[in-house]
Amino acid sequence: MRAEIQHLVEETKQSVGLLRRHLDWDTAQRRLAELNAQAEDPNLWNDAEAAQKIMRERTSLEEQISAVKRLGQELDDAITLIELGEAEEDEATIKEGEEAIRALQAEAARRQVETLLSGEADANDTYVEVHSGAGGTESQDWANMLQRMYARWAERRKYKVELLEITDGEEAGIKSATLLIKGHNAYGWLKTESGVHRLVRISPYDSNARRHTSFASVWVYPVVDDRINIEVKESDCRIDTFRSSGAGGQHVNTTDSAVRITHIPSGIVVACQQERSQHKNRATAWNMLRARLYEAELKKREEKASAEAAAKTDIGWGHQIRSYVLQPYQMVKDLRTGTQSTAPQDVLDGDLDPFMEASLAQRVYGGGAEVEDID
Numbered sequence: 120m121r122a123e124i125q126h127l128v129e130e131t132k133q134s135v136g137l138l139r140r141h142l143d144w145d146t147a148q149r150r151l152a153e154l155n156a157q158a159e160d161p162n163l164w165n166d167a168e169a170a171q172k173i174m175r176e177r178t179s180l181e182e183q184i185s186a187v188k189r190l191g192q193e194l195d196d197a198i199t200l201i202e203l204g205e206a207e208e209d210e211a212t213i214k215e216g217e218e219a220i221r222a223l224q225a226e227a228a229r230r231q232v233e234t235l236l237s238g239e240a241d242a243n244d245t246y247v248e249v250h251s252g253a254g255g256t257e258s259q260d261w262a263n264m265l266q267r268m269y270a271r272w273a274e275r276r277k278y279k280v281e282l283l284e285i286t287d288g289e290e291a292g293i294k295s296a297t298l299l300i301k302g303h304n305a306y307g308w309l310k311t312e313s314g315v316h317r318l319v320r321i322s323p324y325d326s327n328a329r330r331h332t333s334f335a336s337v338w339v340y341p342v343v344d345d346r347i348n349i350e351v352k353e354s355d356c357r358i359d360t361f362r363s364s365g366a367g368g369q370h371v372n373t374t375d376s377a378v379r380i381t382h383i384p385s386g387i388v389v390a391c392q393q394e395r396s397q398h399k400n401r402a403t404a405w406n407m408l409r410a411r412l413y414e415a416e417l418k419k420r421e422e423k424a425s426a427e428a429a430a431k432t433d434i435g436w437g438h439q440i441r442s443y444v445l446q447p448y449q450m451v452k453d454l455r456t457g458t459q460s461t462a463p464q465d466v467l468d469g470d471l472d473p474f475m476e477a478s479l480a481q482r483v484y485g486g487g488a489e490v491e492d493i494d
């Protein structure tokens, strides 16, 4: 077996071993047996809420155990395939086995990162808000690019994306937008993206072709499911209705269907204009507000809450978490972890996993020194 493939085999075995230890293998299998027995109890659904909790835990644990077993078995099969190919001097068989090992190593590494997603709301769907900073058309165009980037990232993962609210810029781009991204661990993956993002490029809106620096902020918060009870007093809120913006025909110009809710004690503002029905938009906006208040409470439990709040209040220099430089060279750099990419177009097309993985690892394991920004 070639040295490169042998190294990948050892990496994959190590990752599978770490996954087993993370699960606490023997305990996990005993717990799954208990859950299977409870699921067969005919009285289980007498308490629907408790039953749903049991079934969610069972499904999650069953998937994790099955994945670890499958990875181990498929790795053994791939090794056997290579050994068979080497014995028969069959290059096609050897290549097939090597490709299988590369795919298994990538999957094992991804699942190892997913073990970091153990927060209270990490498995939930998520809202992603994008807001342009100062700078008019430039920053509004940048906000639009970020909105597209997160939508493309979600599509790569086969997540469902819904545009809940958008406020167009005066000439181009957007002032703000809110995406709802639905998929397992959507919030867990995206939560480290909250902060200010900086773009450096030659402006397509500058006739003198000068370099411009633009800023936009991203705010990520989890969808609150029925298991989490967040009480919001209507007397603490101001509700406004307005006409939807953007394409939509006569309805957009004639009906005040969009809804904005301001939570006065916290200053949190949410808006929804997705549906033609004001009633539906109002219900969605209330859900968004509950999610924002829940996310605010989660942030209070984290040591970095104050720094993230500061980043949210000032969309400008000194608060950015990541810089994207398109001219005169190509570079994306995360200022928390030092993670870099020399292919910014790939990043803007949704290739964000290396940045998210590094940020998640830093949150869980700590570490990381001050990272210098790029010009």
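The end of the sequence shown is residue 494 by this note's numbering, with every number in the run present. Just so you know, even glycine gets a beta-carbon here, dropped at the ideal spot from N, CA and C. Predicted model only: the values in this text are computed from it and were never measured.
Looking only at S396, D359 and I387, the smallest Cα-Cα distance to V378 is reached by D359. In the three-state DSSP reduction, S354 falls in the helix class (H, G or I). Comparing C-alpha distances from L236 to each of A480, E491, D492 and E181 shows the shortest one belongs to A480.
One alpha carbon belongs to N243, the other to R121, and they sit about 42 angstroms apart. Shortest Cα-Cα distance from R357 to any of S442, A328, I387 and R149 involves I387.
Ranking I173, R276, N162 and E215 by CA distance to the CA of D470 puts R276 first. In the DSSP assignment, H398 falls outside any beta strand (DSSP E) and lies within the alpha helix (DSSP H) extending over Q397 to K419. Here L309 really is in contact with V339; their C-beta atoms are around 5 angstroms apart, less than 8 angstroms. A straight line joining the alpha-carbon of K279 with that of G252 spans about 27 angstroms. By the Cβ rule, the region 182-195 counts as touching the region 122-135, because three or more pairs are nearer than 8 angstroms.
Separation of the CB atoms of A305 and Q259 is rounded to 26 angstroms, and the pair is thereby denied contact status at 8 angstroms. By the criterion of a C-beta distance shorter than 8 angstroms, E210 is surrounded in its chain by G204, once the five residues flanking it on both sides are discounted. When secondary structure is reduced to three states using DSSP, T332 falls in the strand class. By the CB criterion at 8 angstroms, I184 and L137 fall outside the cutoff. Inter-segment contact for the region 436-449 and the region 312-326 is present: three or more beta-carbon pairs are separated by less than 8 angstroms.
The beta carbon of R230 sits closer than 7 angstroms to the beta carbons of L138 and A186 from its chain, once the five residues preceding and following it are set aside; these are given in chain order. Under DSSP, the beta-bridge partners assigned to L299 are Y246 and E281. Excluding residues up to 5 positions away in sequence, V249 and A296 lie with their Cβ nearer than 6 angstroms to the Cβ of Q266 in the same chain.
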